[in-house]
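Shown next, in structure tokens, is the structure this report addresses.
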Amino acid sequence: MQDVRDALYIGHRSDGTLTRRPMSPHLQVYRFRLSMFLSIANRAAGVAAAAGSALGVCWLSAAAKGPESFKKVQKVTRNPLGKLALAGWTLALVYHFVAGLRHLAWDTGHRFEKKEINEDGPVAVGVTVGATLVLLASIFGVAACRSRKKKAS
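Taking the working numbering, the leading residue of the sequence shown gets 1312, the next gets one more, and so forth.
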């Protein structure tokens, strides 16, 4: 053994003889690609979507408790930080949905070649951004119209 770390790669065969285990490649070996980032982002989006859904359940329970509880929650969601959290949750939900559709296509054997996966990555990002912007414009646009009507009356 040249180095102490070499001991980590020594294993035993079923007959008891020693063998050298292969070392797993690290990030230094691979060039970072969009598909790698999207895979990591899909997992993070799943966690963020679940956390946001838990906050959505809290919002619904406050609505069920009555107008006082709901007013407190609405104060938080109308705050710029609350709007940012809502936008992040929407982005996470939409991206996780789009990535899920890609995975469903891959499960059926479609678009699973390396070239196709690399082509579909930017499309998934574009669809996510576009759909998120449309959803947020409709959500915040309706809220802005309601607040203008309220101030006018």
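Cβ atoms here follow ideal geometry from the backbone N, Cα and C, with glycine treated the same way.
Check: CB of A1360 within 8 Å of CB of A1403, strictly; Outcome: yes
Check: Alpha helix (DSSP H) runs contained entirely in the segment 1347 to 1374, provided each spans 4 or more residues; Outcome: none
Check: Sequence-distant residues of the same chain with beta carbon closer than 8 Å to F1451, five excluded per side; Outcome: K1394
Check: Sufficient close CB pairs (3 or more, under 8 Å) joining the segment 1363 to 1379 to the segment 1420 to 1429; Outcome: no
Check: Extent of the continuous alpha helix (DSSP H) to which R1413 belongs; Outcome: P1391 to D1418
Check: Within 8 Å, strictly: CB atoms of L1446 and V1405; Outcome: yes
Check: Beta-carbon spacing of T1388, T1443 below 8 Å; Outcome: no
Check: When E1379, S1364, R1422 and V1384 are compared against G1399, the one with the closest alpha-carbon; Outcome: S1364
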